[in-house]
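The next block holds one structure in the form of structure tokens; read it before the comments.
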Amino acid sequence: MGRATLRIEGMHCAHCALTIEKSISGVDGVHRARVSFAAKKAIVEYDERKTSLKAIRAAVESAGYKVKEEKPPEKRQATLIGLGLALTVPVFIIEMFMDLPGKELLLFLLATPVQFIVGWRFYKGAYYSLKSKFANMDVLVVLSTSAAYLYSSAATFFIHGPTFYEASTAIITTVAIGTFLEERAVGRTGEAIEKLISLQPKMATVLRDGREALVPVEEIEVGDIVLVKPGERIPVDGVVVAGHSSVDESAVTGESIPVEKKVGDSVISGTVNKVGALRLKATRVGEDTTLAQMIKLMEEAQASKAPIQRTADVVVNYFVPMVLAIAVASFTLWYLVYGAPFLFALTIFISVLAVACPCALGIATPTAIMVGLGKGAEHGILIKSGAVLERVCKLTTVIFDKTRTLTIGEPRVTDVIAFEGGTEILTLAAIVEKNSEHPLARAIMEEAKRRGGRIPDADWFEAIPGEGVRARYGGKEILFGGRKLMLANHVDLAPFDERIRGLEEEGKTVMILAVDGKAIGAVAVADVLRESSKRAVEELKRAGVKVVMLTGDNERVAKAIARKVGIDHVLANVSPSEKAEVVRRLQLQGEVVGMVGDGINDAPALTQADVGIAIGGGTDIAAEAGGVVLVKDDVSDVVCLMRLSKRVMDKIKQNLFLAFSYNVLAIPIAAGVLYPLLHTIIIPPTTAAIAMVLSDITVVGNSLLLKRFKLEGAHLR
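Under my numbering, read the sequence shown as residues 22 to 738, first letter to last.
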């Protein structure tokens with residue numbers, strides 16, 4: 022299956038996107054086509070055995086548009102608008118305020134370039150739109166201005182009567198200005214992708230044959246050693262092999278505090294090295310880097326459609342024919358039924374066509390979705406489609422996996438306890454565990470090093486699988502392990518049993534230290550909670566969302582963690598495959614389920630959920646299951662995600678309300694329904710065109726207000 026992302030030139034309304042989508046979908050072998058007016062892109066999935074990229078490009082061009090690799094220049098549009106203004110202003114002044122010899126001929130000469138040079142894009146768009154059996158806004162503009170221009174031309178050369186040149190020129194110039202401003206405003210809704218693209222440096226310093234070489238980023242290969250100096254952006258994903266520095270990852274993860282990096286730590290492409298020089302071994306290059314995956318994900322998400330957009334699309338499909346019918350009916354009623362003057366009926370006809378605004382309906386949803394997706398990306402929340410963003414605010418149940426989701430996924434020492442006469446418990450434990458590779462042993466070693474103690478080698482060491490460690494140090498026999506090891510070696514735990522059980526009830530793994538057959542202390546190790554876990558659970562519960570914890574751990578440990586975090590519903594001893602079944606059962610009960618877990622281990626459950634949310638997947642974004650990736654290891658971003666979804670959906674509803682309300686009110690007024698009651702209430706064609714443009718810009722502007730929304734610091738309800 023082939024996949025292509027095409028940048029489209031020539032789209033100037035949401036109807037254009039639907040026209041292109043229809044044209045591409047008609048190509049044999051195209052599996053799926055998604056076209057976004059806001060992103061100015063088409064994403065096409067096709068069978069390479071049946072069709073080719075050349076055929077798809079031809080389909081775009083047959084619809085009247087062009088495929089470009091780069092963003093089209095705005096200079097030509099600005100020049101045409103300048104010409105339109107230079108001619109329209111004199112036309113308006115002469116038509117309305119002056120009485121000159123040969124006035125009509127002068128107006129004709131001034132208006133004709135506006136009609137056919139500035140307005141050519143509308144004629145072209147209307148032709149290709151009708152050719153594809155789909156009427157768009159261009160059809161309305163062409164019909165309204167052509168009616169005014171042709172009648173005025175007839176009045177100039179063949180019949181006696183007033184002219185409407187100011188109406189035809191003003192509509193074309195106003196709509197041209199409006200679409201230009203709208204395209205620029207809509208472009209701002211997609212700034213997130215442009216910002217991500219700008220993070221990728223063009224050149225990088227690579228060490229080859231012992232020398233530093235400045236090479237294009239595209240030439241870096243996996244395994245190359247890359248030198249990143251202070252202030253430079255990191256060009257690839259990699260691992261630090263030399264140096265120490267702090268790295269600003271805010272542009273990629275949304276984390277404002279620089280992260281310390283030392284040998285062995287991973288780094289992400291697009292982030293900024295702040296202080297010291299780093300040498301990195303490249304692990305992901307080109308399209309495999311985190312930054313490239315983020316850009317690809319954002320492009321696909323922006324080209325996707327949210328279910329709520331289907332309502333607007335249905336209306337848009339029938340909108341232009343309905344407006345044409347209303348315009349013709351209005352002209353007929355006023356001229357033939359009510360006996361109004363021809364010029365009055367013609368004015369009504371032109372005004373109805375000029376005031377109608379299908380674009381406002383078409384862009385109401387995608388502009389808000391694009392701003393929302395960008396806002397999430399800035400915060401390290403990557404949402405894979407508009408449909409996912411819409412579903413998030415409908416969640417009634419959120420399921421959290423325990424390990425590496427609510428907890429950090431790495432055991433850490435939580436308690437060091439000395440029994441009667443016991444000293445240097447942690448040091449002795451580290452001595453016997455020094456040569457072990459067990460995760461619990463590493464946790465003890467790290468804690469001992471952190472406390473600054475010197476850790477000598479044991480004289481003799483023996484690992485007892487499943488039980489613990491036996492060692493000799495300083496002429497003493499040391500045992501370190503669980504109850505089973507102590508009982509097998511007749512170590513009396515009765516005096517300390519209550520303290521040990523207390524730690525175990527908290528979900529901790531307790532390892533007992535005995536010297537020469539006597540218990541002298543214990544070390545408790547646990548997978549500790551993330552700092553944000555409890556806060557996130559509290560916020561979700563406050564909003565009325567049911568919170569469930571799933572884990573493969575035993576019930577005692579699971580309940581201990583659940584108590585700390587505030588979760589009432591716990592399912593323990595659940596395998597990865599069984600987690601998906603738990604999600605399915607909840608869905609059958611009518612719950613809308615969000616699953617939060619590790620992107621790899623919990624893939625079946627993430628896929629089954631209505632919204633799968635993979636946490637900590639920042640370096641493998643494209644491969645993650647589910648619809649959302651939280652780049653930061655922060656479960657409070659689940660709450661931020663739900664806030665964002667709710668705000669975006671509110672904004673979409675506002676946009677649709679504004680667009681529907683505008684058309685429902687403006688079209689009847691333009692048709693003259695209020696004229697019998699209030700003879701001054703009609704909408705002149707020029708005013709109608711201005712009103713139509715303002716309705717588009719209002720919808721886009723309302724969407725852009727989302728940029729000011731703060732994800733943190735507010736409740737879900």
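Where a beta carbon is used, it is the ideal one built from N, C-alpha and C, also for glycine.
| Asked | Found |
| --- | --- |
| Three-state class that DSSP yields for T417 in the structure shown | coil |
| Unbroken alpha helix (DSSP H) run spanning R24, endpoints | Premise fails: R24 lies in the beta strand (DSSP E), G23 to E30, not in any alpha helix (DSSP H). |
| Cβ-based burial, V508 [other Cβ within 10 Å; buried from 16] | A small correction: the amino acid at residue 508 is Leu; Val does not occupy that position in the sequence shown. So L508 counts as exposed. |
| Segments assigned beta strand (DSSP E), at least 3 residues, entirely inside the stretch 556-632 | 567-571, 590-592 and 614-619 |
| Local Cβ density within 10 Å of M713, reported as buried at 16 or more and exposed below that | buried |
| V284 vs P256 beta-carbon contact at 8 Å | no |
| Extent of the continuous alpha helix (DSSP H) run through D159 | M158 to F178 |
| Same chain, Cβ closer than 8 Å to A547, five either side skipped, listed in chain order | P432, R433, T435, E527, G528, K529 and T530 |
| Local conformation of L104 per DSSP, three classes | helix |
| Inter-stretch contact at 8 Å, needing at least 3 Cβ pairs: the stretch 286-297 / the stretch 325-340 | no |
| Helix, strand or coil at T184 according to DSSP, with G and I counted as helix | coil |
| Buried versus exposed, by CB contacts within 10 Å (16 or more), G618 | buried |
| Own chain residues within Cβ distance below 6 Å of E187, not counting five before or after | V112, F113 and E116 |
| G259 vs A272 beta-carbon contact at 8 Å | no |
| Pair within 8 Å by beta-carbon distance, V162 and I384 | no |
| Nearest residue (CA-CA) to V392, options R729, R229 and I77 | R729 |
| Helix, strand or coil at K87 [DSSP, three-state] | strand |
| Inter-stretch contact at 8 Å, needing at least 3 Cβ pairs: the stretch 530-545 / the stretch 558-568 | no |
| Beta-carbon proximity check, L108 vs T177, cutoff 8 Å | no |
| A635 in three-state terms, based on DSSP | strand |
| Counted within 10 angstroms of its Cβ, other Cβ atoms place H36 as buried (16 or more) or exposed | buried |
| Other residues of its chain near H590: CB distance less than 6 Å, five sequence neighbours each side excluded | V569 |
| Sheet register partners of M224 (DSSP bridge) | P237 |
| Simplified DSSP state of L699, which is helix, strand or coil | coil |
| Residues of its chain near T304, where Cβ-Cβ distance is below 7 Å and the 5 sequence neighbours each way are ignored | V243, D258, G259 and V260 |
| Opposing strand residues paired with W355 [DSSP bridges] | Partner(s): none; W355 has no beta bridge. |
| Cβ neighbours of R24 in the same chain (closer than 6 Å, five flanking residues each side left out) | E66 |
| Burial state of D518 (16 or more Cβ within 10 Å) | exposed |
| Cβ-based neighbour list, L677, same chain, cut-off 6 Å, excluding 5 preceding and 5 following | A385 |
| Candidates F118, I45 and S351: closest to A691 by CA position | S351 |
| Exposed unless 16 or more other CB atoms sit within 10 angstroms - verdict on E91 | Because the pLDDT at E91 is just 47, under 50, the model does not fix this residue reliably, and the point stays unresolved. |
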